[in-house]
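Numbering (this note's numbering), first residue to last: 603 to 1056.
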């Protein structure tokens, strides 16, 4: 273990050294370009460490609608958007953010929309639509709409084709890097934290509470928290780091996509591993990319809409299972009213079990257990029964002996509902037990457990 940590630390140092050497090389290269050519002169003469280097009130000039200043909020959500050849998902994305939180909690949020296309006609049309639809949000400072002058951008044509990318793709991803940098520079003073999403995602109800809770749970210093495993969706940074992040990305804007560059930035800030919140809270819905001709079929395997719908009484209890448990998907999440679910890391075998051991025996009227999910329909209980135990003895962890056991029923198509408990027993229940009766091929998701009392 010590040896692994030692090599891991050396790997981080090596990565940082390589990035710093490339930083020096590119800075020298750009200085030579500035001296020997007028091409890209406006970008280079502002000097790297003084970007954006425009007039002192450049942020006000970037605003397409003058926005009333407000005190810094909790979270800025940045959404860059450009024209798409086919379907646009932009307004559905914004509506998802607005509909999945309350009006009261919107006061903690700033949404910055960056119209990043070079086509001025499209920008004006989009700005008008946004104003007509979200005028109240613009007026109270919750929403900003910004644009960048074209002379902010460095050279975008005839770039080196890294990763064997075509000229069109190289230009697209290089411009995207600069788009993001401008958005970060604008957003640096608006809130305590900043989150980047794309213009073709949906989120979950209560997403702001999930983000706040995950941030509060961090015991160590961090640079970036991720609420999606895909691309540059759901990446959260300290706002005080945004200017530094922007300058780092601009140094290598034509070399690598932002998906890679931000991880180097994490390493430079001594975050050696990705910190991903699972389950994730953003679903990518855009099939047609902003790059003409590109389609996206990828999905975040850790996303699913796991809002609780059964809403049982669920008295306090301790849960145990013989299945292999992931720290990201603990069994308690299936029983809790919070967003989340249990996802095993082993396929159920005969006699594998889940115990719900109540702190006090309970008079139960109804039990509902739902397994599997929309994204993972095979990860359900195909062969299992539900039992009620009148008394139990804990021998050791995951070794519980049940007495006076009553079979309540069998799972069908991944779920069970027992709503006639009064007719089965008049005694209080000390424990509910799920027992696997046949070996299964897939892992198990328990989406929700609902216990209803008298």
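Glycine included, each C-beta is placed from N, C-alpha and C at the ideal position.
Going by C-alpha positions, residue 994 is about 30 Å away from residue 941. Residue 679 and residue 756 have their C-alpha atoms some 25 Å from each other.
The straight-line gap separating the alpha-carbon atoms of residue 911 and residue 847 is approximately 40 Å. Cβ contact annotation for residue 746 (same chain, cutoff 6 Å, sequence separation greater than five): 669, 714, in chain order. It is roughly 25 Å from the alpha-carbon of residue 930 to the alpha-carbon of residue 676. Setting aside the 5 residues that flank it on each side, residue 777 is surrounded in the same chain by 758, each with a C-beta closer than 6 Å to its C-beta; the list follows chain order. With 16 or more neighbouring CB atoms inside 10 Å of its own CB, residue 749 falls in the buried class.
Using a 10 angstroms sphere on the CB of residue 948, the tally of other CB atoms stays under 16, which defines it as exposed.
According to the DSSP assignment, residue 1010 belongs to no alpha helix (DSSP H) but to the beta strand (DSSP E) extending over 1001–1012.
Between the region 869–876 and the region 801–815 there are fewer than three inter-stretch CB-CB distances shorter than 8 Å, so the stretches are not counted as touching. Between residue 698 and residue 959, the alpha-carbon positions lie close to 38 Å from each other. A residue is called buried once 16 or more other Cβ atoms fall within 10 Å of its Cβ, and residue 1005, having fewer, is exposed. Note: residue 1037 is bridge-paired with 955, 987 in the DSSP secondary-structure output. DSSP places residue 711 inside the beta strand (DSSP E), whose first and last residues are 711–717.
Between residue 933 and the set 1047, 791, 720, the nearest pair of CA atoms involves 1047.
The beta carbons of residue 1029 and residue 986 sit no closer together than 7 Å. For residue 777, the three-state secondary structure derived from DSSP is helix. As the crow flies, the alpha-carbon of residue 716 is around 40 Å from that of residue 980. In the DSSP assignment, residue 828 falls outside any alpha helix (DSSP H) and within the unbroken beta strand (DSSP E) covering 826–828. When C-alpha distances from residue 1038 are compared across 1031, 1054, 835, 984, the shortest belongs to 984. For residue 745, the enclosing beta strand (DSSP E) has its first and last residue at 745–748. For residue 837, the beta-bridge partners assigned by DSSP are 798, 828. For residue 968, the enclosing beta strand (DSSP E) covers residues 966–973.
When DSSP states are grouped into helix, strand and coil, residue 707 belongs to the helix group. Annotated three-state conformation of residue 729 is helix, per DSSP.
By the Cβ-count criterion, residue 673 is exposed, with fewer than 16 other Cβ atoms from all chains shown falling within 10 Å of its own Cβ.
Residue 913 sits exposed, since fewer than 16 C-beta atoms from the chains shown fall within 10 Å of its C-beta. Residue range 1047–1055 is occupied by the beta strand (DSSP E) that includes residue 1054.
Around the Cβ of residue 1021, a 10 Å sphere holds fewer than 16 other Cβ atoms; the residue is exposed. By the Cβ criterion, the region 778–787 is in contact with the region 853–870, since at least three pairs of Cβ atoms, one from each stretch, lie closer than 8 Å.
Per DSSP, reduced to three states, the secondary structure at residue 691 is coil, with no helix or strand assignment. In this structure, the beta-carbon distance from residue 702 to residue 796 does not fall below 7 Å. Note on the region 839–870: whole alpha helix (DSSP H) runs with a minimum of 4 residues are 844–853, 860–870, in chain order.
Taking the C-beta atoms as reference points, residue 1050 is found no nearer than 7 Å to residue 956. Contact between residue 937 and residue 916 holds: CB atoms are separated by about 6 Å, below the 8 Å threshold. Ranked by Cα distance from residue 1034, the options 969, 695, 838 are led by 969.
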